[in-house]
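Below: the structure, in structure tokens.
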Amino acid sequence: MTGRVIVFNGVGSAGKSSAAKAFQRMAVDPFLHVSGDAFLDMIAPQLWGNERGIVFRQLEEDGPPSIEIEMGIEIERLMEGMRASVAALAKAGNNCLVDDVMLSATDQQSYLGACHNVPIYFVAIHAPLNILEMRERQRGDRLIGLSRWQFPRVHHGIEYDFEIDTTNKLPEDVAREIASALKVPVNNS
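1 is the number of the first residue of the sequence shown in our numbering; add one for each residue after it.
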């Protein structure tokens with residue numbers, strides 16, 4: 001039996017990982033949490049700051065900082081591999097919650113191509129820019145300015161099965177609303 005894939009897409013600090021973990025706890029059927037960050041952690045150290053890997057550039061603009069992300073061929077291959085891995089996991093019968101930051105509609109097409117004959121759903125995880133920037137600062141593990149650069153790009157041209165704003169919601173509430181919208185049975189406790 002093929003598993004289902006649910007892709008949570010949103011700007012960093014939107015609440016994707018927290019919602020995915022809450023979703024895992026409440027779903028009747030087990031779901032794997034596939035984190036895009038876990039795949040990025042796989043790359044060789046020399047690819048950080050390298051044009052073949054991933055480069056972060058502070059943009060010189062008036063106002064708050066903005067950090068541009070440039071991904072080279074090695075990262076593009078890694079992300080293709082991640083999507084193929086998700087498809088393989090689902091084809092082996094695993095349900096997958098994917099936590100990703102898709103920077104273009106091409107990323108969605110990549111998922112759809114990899115997940116041919118796999119039930120796949122896309123969920124937009126939203127929050128206003130000022131909230132994202134506040135969360136980014138509070139976390140202490142993010143480059144300040146990433147959310148500002150990602151904000152106009154992450155949802156552009158992507159079609160969703162469900163969209164949710166996490167501004168004033170607990171991760172459990174976000175997860176419950178997503179499960180309800182996608183008809184995923186949850187435990188009542």
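Glycine is no exception: its CB is placed at the ideal position from the N, C-alpha and C atoms.
_First through last residue of the beta strand (DSSP E) which encompasses residue 97_ = In the DSSP assignment, residue 97 falls within the unbroken beta strand (DSSP E) covering 95 to 100.
*Report, in whole angstroms, the separation of the C-beta atoms of residue 14 and residue 179, which I expect to be a contact under 8 Å.*
Contact check for residue 14 and residue 179: beta-carbon distance about 18 Å, past the 8 Å limit, so the pair fails to qualify.
*asked:* Within 10 Å of its beta-carbon, does residue 188 have 16 or more other beta-carbons around it, so buried, or fewer, so exposed?
replied: Exposed, since its Cβ has fewer than 16 Cβ neighbours within 10 Å.
*Are three or more beta carbon pairs between the segment 39 to 48 and the segment 103 to 116 nearer than 8 Å?*
Because the criterion of three Cβ pairs below 8 Å is not met, the segment 39 to 48 and the segment 103 to 116 do not touch.
*Assigned exposure category for residue 99 - 16 Cβ within 10 Å defines buried*: In summary, residue 99 is buried, with 16 or more beta-carbon neighbours lying within 10 Å of its beta-carbon over all protein chains present.
*asked:* On the DSSP letters alone, give me the boundaries of the alpha helix (DSSP H) that residue 46 sits inside.
replied: Per DSSP, residue 46 lies in no alpha helix (DSSP H) and is assigned neither H nor E.
*Tell me residue 35's beta-bridge partners as DSSP assigns them.*
BP columns for residue 35 point to 99.
*residue 142, DSSP secondary structure in three states*: Coil.
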